[in-house]
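Structure, as structure tokens:
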Amino acid sequence: MSVQTILITGASSGIGAALARIYARPGIQLLLWGQNATRLEATAQQCRAAGATVETARFDLTALDELVAQLESADERYPLDLAIFNAGLGGSLTPSDIAQDRRSAERMATVNFTVPVICANLLAGRMAARGHGRIVLVGSVADSFPLPMAPVYVGTKAGLALFAEALDLRVARYGVGVSLVVPGFVDTPMSQGLTEPRPFLISADKAAVIIARRLERGASQIVLPWQFAVIRRLTGLLPRLLIRIVFRIAWRISFAGGRTGK
Ligand SMILES: NC(=O)c1ccc[n+]([C@@H]2O[C@H](COP(=O)([O-])OP(=O)(O)OC[C@H]3O[C@@H](n4cnc5c(N)ncnc54)[C@H](OP(=O)(O)O)[C@@H]3O)[C@@H](O)[C@H]2O)c1
Numbered sequence: 081m082s083v084q085t086i087l088i089t090g091a092s093s094g095i096g097a098a099l100a101r102i103y104a105r106p107g108i109q110l111l112l113w114g115q116n117a118t119r120l121e122a123t124a125q126q127c128r129a130a131g132a133t134v135e136t137a138r139f140d141l142t143a144l145d146e147l148v149a150q151l152e153s154a155d156e157r158y159p160l161d162l163a164i165f166n167a168g169l170g171g172s173l174t175p176s177d178i179a180q181d182r183r184s185a186e187r188m189a190t191v192n193f194t195v196p197v198i199c200a201n202l203l204a205g206r207m208a209a210r211g212h213g214r215i216v217l218v219g220s221v222a223d224s225f226p227l228p229m230a231p232v233y234v235g236t237k238a239g240l241a242l243f244a245e246a247l248d249l250r251v252a253r254y255g256v257g258v259s260l261v262v263p264g265f266v267d268t269p270m271s272q273g274l275t276e277p278r279p280f281l282i283s284a285d286k287a288a289v290i291i292a293r294r295l296e297r298g299a300s301q302i303v304l305p306w307q308f309a310v311i312r313r314l315t316g317l318l319p320r321l322l323i324r325i326v327f328r329i330a331w332r333i334s335f336a337g338g339r340t341g342k
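Basically the working numbering = 1-based index in the sequence shown + 80.
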């Protein structure tokens with residue numbers, strides 16, 4: 081895959097910033113999107129120092145009209161070879177919360193699902209007209225589990241996974257690929273905010289190396305680290321009812337712990 085123009089959302093932090101640094105080299109045009117000015121500029125400076133040409137855009141992705149205008153303008157000026165829709169919102173409910181706050185649920189659903197779907201859909205058509213391109217969506221290993229502590233999060237990631245698979249099938253004949261990145265635990269501000277254990281934790285830099293290497297080979301699904309690829313395969317063989325029972329029991333125990341303050 082000969083990539084020259086790359087868009088990365090969520091480039092101001094974590095996995096997105098690490099991906100930007102991995103791709104930064106002479107001859108590469110990077111378009112880096114984020115909200116936090118200081119952190120976005122820090123990523124941009126590191127990428128410029130590595131020889132890339134960098135343009136940043138700082139805005140809230142939930143402003144959907146501005147989002148579409150930004151994407152169309154970026155793709156007009158620098159026809160994109162690779163677009164990585166990585167920005168996301170995470171976080172778990174505490175056992176004492178009954179449901180997620182309405183505004184927070186709306187924001188999470190928009191950033192994690194609506195935004196990447198709108199962008200990938202728009203770009204798929206434009207890339208298909210050019211006869212090449214790759215779109216990358218960042219999901220989560222949580223997409224196959226009914227996590228009672230994060231129903232909105234897992235719902236957005238499950239929807240995104242199916243969308244990625246369907247879009248990939250649809251646009252493959254036009255020379256466009258759609259890849260789904262499925263991270264386990266990556267050491268970023270998002271996962272640092274979790275109270276749950278983070279098994280098989282890897283750094284954002286290591287995650288970026290794995291993702292870039294697998295994208296280079298045109299992978300349509302990238303589960304990382306490898307331990308989660310094994311777990312995903314094994315749990316995929318289990319009856320859904322068994323998975324529900326396991327999570328029901330685990331949640332009851334956690335709920336009881338939450339009520340007694342344990
Ligand atoms: N870390 C993990 O363990 C893990 C596991 C599974 C999946 N993932 C997925 O990996 C992706 C990257 O997460 P991360 O771990 O790198 O998290 P992170 O360090 O918290 O970074 C999230 C990025 O998303 C951007 N973002 C969030 N809301 C935005 C909005 N409304 N408008 C514009 N940008 C927005 C943030 O920008 P600002 O900071 O500038 O606001 C930030 O750059 C997410 O899709 C996440 O769901 C992560």
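Where a beta carbon is used, it is the ideal one built from N, C-alpha and C, also for glycine.
Query raised in the report: Just to confirm, does residue 301 get its C-beta within under 8 Å of one of the non-hydrogen atoms of ligand 1?
Result: no
Query raised in the report: So what does DSSP say about residue 117, is it helix, strand or coil?
Result: helix
Query raised in the report: If we ignore side chains and look at the alpha-carbon of each, how far apart do residue 282 and residue 248 end up?
Result: 28 Å
Report task. Tell me whether residue 131 counts as near ligand 1, meaning its Cβ is closer than 8 Å to at least one heavy atom of that ligand. Result -> Answer for residue 131: no, Cβ out of range of ligand 1.
Query raised in the report: Looking at the structure shown, is residue 179 part of a helix, part of a strand, or coil, going by DSSP?
Result: In the structure shown, residue 179 sits in coil (DSSP, three-state: anything other than H, G, I, E or B).
Query raised in the report: Whose C-beta lies closer than 6 Å to the C-beta of residue 106 among residues of the same chain, with five residues either side of it excluded?
Result: 131
Report task. List the endpoints of the continuous beta strand (DSSP E) containing residue 137. Result -> 133 to 138
Query raised in the report: Taking the beta strand (DSSP E) that residue 171 falls in, what are its first and last residues?
Result: Looking at the DSSP string, residue 171 is not in any beta strand (DSSP E), and its letter there is neither H nor E.
Query raised in the report: Bridge partners of residue 302, per DSSP?
Result: Paired residue(s): 261.
Requested in this report: Assign residue 287 to one of two classes, buried (16 or more other C-beta atoms within 10 Å of its C-beta) or exposed (fewer than that).
Outcome: buried
Query raised in the report: Since residue 112 sits in a beta bridge, which residues does DSSP pair it with?
Result: 88, 136
Query raised in the report: Tell me which same chain residues have a C-beta within less than 7 Å of the C-beta of residue 193, skipping the five on either side of it?
Result: 236, 239, 240
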